[in-house]
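Undergrad: The structure follows.
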Amino acid sequence: MSAGTRVGAAARVRKGAWGTWLLALPVPVLGLLLWHAGVQGAWTLPFGIQMTFLPQPADVGLRLVDFAVGGVYDDSFSGTLWTHLGASAARVLQGFLLAVVVAVPLGVLMGRSRLVFRMLDPTVNLVRPIPVTAWAPLTLLIIGFGDRSTVFLVFLAAVFPILLNTISGVRQVPARLLEAASMLGTPPAQALYKVVVPAATPSIVGGMRIAMGLAWVILVVGETVGIDTGLGAMITQAREQSRTDLIIVGMIVIGLAGFVADRLLGLVFRVLFGRRPILK
């Protein structure tokens, strides 16, 4: 590829990225305008939502700045964003990685072996519908307060999307790929990681992205009891103090953290797999 071609391709990528951001921008801007108008007009929305109890977007923005760098309100939450975010991100990462280590190999086995699938599928589908929130009280009793219970809840939230997507991806691997590998002398055991897993990668990655989002959702549940540091703990403390602006700030930070985590996950897979079409 010539230098001119590479420059043109890079320019098209930058133009596409700017176009994506410009298309996405009107929705949050409109949401902020409606939020402002709703609070000023004391709107009542469906489900009985009273907009008059919400702070103005500008007040939430000031609280977010103070939470990040301090200097606005100078209270116990000022400048503590990175402490809370770092603690929460560590718990999410531990639970997510544990789910990947368990779910991917198990999904490959269940997808390839009819016997293993018939042995484990009833148990998986029995445990899978149990809400993680129902596990929380039991987790506190059998594990106790602290990081380990939160990591376990994150693991439970993340493991099933990865497992089911891995099983689905492995079952959709064309039989002709395995036949071709066999004709080329690839042993069946090696075919699992040389043929099956690479072919199922798009489905596995999709499951991981879903799991990462769920991990941030469940994080708040795990951090509501017995933990002093973390975004969920911060939201719980703000609720006890009826500080609505701080609750919304916590929600915004979790949303941004989940967004960045999804993008970083996609970046990791692009680096690992290069030009292979594994991400949509």
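Taking our numbering, the leading residue of the sequence shown gets 7, the next gets one more, and so forth. The C-beta atom is built at its ideal place from N, Cα and C for all residues, glycine as well.
Measure the C-alpha to C-alpha separation of Arg269 and Gly175 and round it to an integer number of angstroms.
TA: The count along the sequence shown starts at 1 and reaches residue 269 at position 263. The count along the sequence shown starts at 1 and reaches residue 175 at position 169. Answer to the nearest angstrom: the Cα atoms are 22 angstroms apart.
Undergrad: Taking only three categories from DSSP, how would you classify Gln62?
TA: Here the question's residue 62 lines up with position 56 in the sequence shown. Gln62: coil per DSSP, three-state reduction.
Undergrad: My parser needs the beta strand (DSSP E) runs of 3 or more residues fully inside the region 157 to 218; what are they?
TA: Complete beta strand (DSSP E) runs here, min 3: none at all.
Undergrad: Considering Met116, what are the terminal residues of the alpha helix (DSSP H) in which it resides?
TA: Here residue 116 refers to the residue found at position 110 of the sequence shown. That run of the alpha helix (DSSP H) goes Leu87 to Arg118.
Undergrad: Can you have a look at Leu225 and say buried or exposed, based on whether 16 or more other CB atoms are within 10 angstroms of its CB?
TA: The residue labelled residue 225 in the question sits at position 219 within the sequence shown. Buried: at least 16 other Cβ atoms inside 10 Å.
Undergrad: Classify Ile55 as helix, strand or coil using the three-state DSSP reduction.
TA: Residue 55 sits at position 49 when you count from the first residue of the sequence shown. Looking at Ile55 - three-state DSSP - the assignment turns out to be strand.
Undergrad: Would you call Ile129 buried or exposed, if buried means 16 or more other Cβ atoms sit within 10 Å of its Cβ?
TA: Your numbering for residue 129 matches position 123 in the sequence shown. Correcting the residue type first, residue 129 is Thr in the shown sequence and not Ile. Answer is exposed; the Cβ neighbour count stays below 16.
Undergrad: For Thr156 versus Glu229, is the C-beta distance shorter than 7 angstroms?
TA: Here residue 156 is taken as the residue at index 150 of the sequence shown, counted from 1. Here residue 229 is taken as the residue at index 223 of the sequence shown, counted from 1. Their beta carbons are under 7 angstroms apart, which means Thr156 touches Glu229 by this criterion.
Undergrad: Do Gly256 and Ile241 come within 7 angstroms of each other at the CB atom, strictly closer than that value?
TA: What you label residue 241 is simply residue 235 of the sequence shown in a count that begins at 1. What you label residue 256 is simply residue 250 of the sequence shown in a count that begins at 1. Yes; because the gap between Cβ atoms is below 7 angstroms, this pair is in contact.
Undergrad: Buried or exposed, going by whether 16 or more other CB atoms sit within 10 Å of the CB of Leu159?
TA: As a working mapping, residue 159 is identified with position 153 in the sequence shown. Classification for Leu159: buried.
Undergrad: Any beta carbon from chain D within less than 7 angstroms of Val277's own beta carbon?
TA: No chain D appears in the structure shown, which is made up of a single protein chain.
Undergrad: Who are the Cβ neighbours of Lys200 in its own chain at under 8 angstroms, not counting the five residues just before and after it?
TA: Residue mapping note: residue 200 aligns to position 194 of the sequence shown, counting from 1. Taken in chain order, the residues that qualify are Ala187 and Thr192.
Undergrad: Quick check: what's the CA-CA separation for Ala48 versus Ala30?
TA: Sequence index remark: in the sequence shown, residue 48 carries index 42 (1-based). Sequence index remark: in the sequence shown, residue 30 carries index 24 (1-based). Each residue's alpha carbon lies about 28 angstroms from the other.
Undergrad: If you count every other CB in all the chains shown that lies within 10 Å of the CB of Ser82, and 16 or more means buried, which is it?
TA: As a first step, residue 82 must be located in the sequence shown, where it is residue number 76. Ser82 is exposed by the Cβ-count criterion.
Undergrad: Among the candidates Asp72, Ala239 and Val259, whose CA atom is the shortest distance from the CA of Ser84?
TA: As a position in the sequence shown, residue 84 is number 78, starting the count at 1. Checking every option, the nearest Cα to that of Ser84 belongs to Asp72.
Undergrad: Specify, as a first and last residue, the run of the alpha helix (DSSP H) that Pro5 falls within.
TA: Residue 5 lies beyond the range of the chain shown here (7 to 286); nothing can be said about it.
Undergrad: Do you know offhand how far Ala217's Cα is from Met116's?
TA: Counted from its first residue, the sequence shown places residue 217 at position 211. Counted from its first residue, the sequence shown places residue 116 at position 110. About 19 angstroms.
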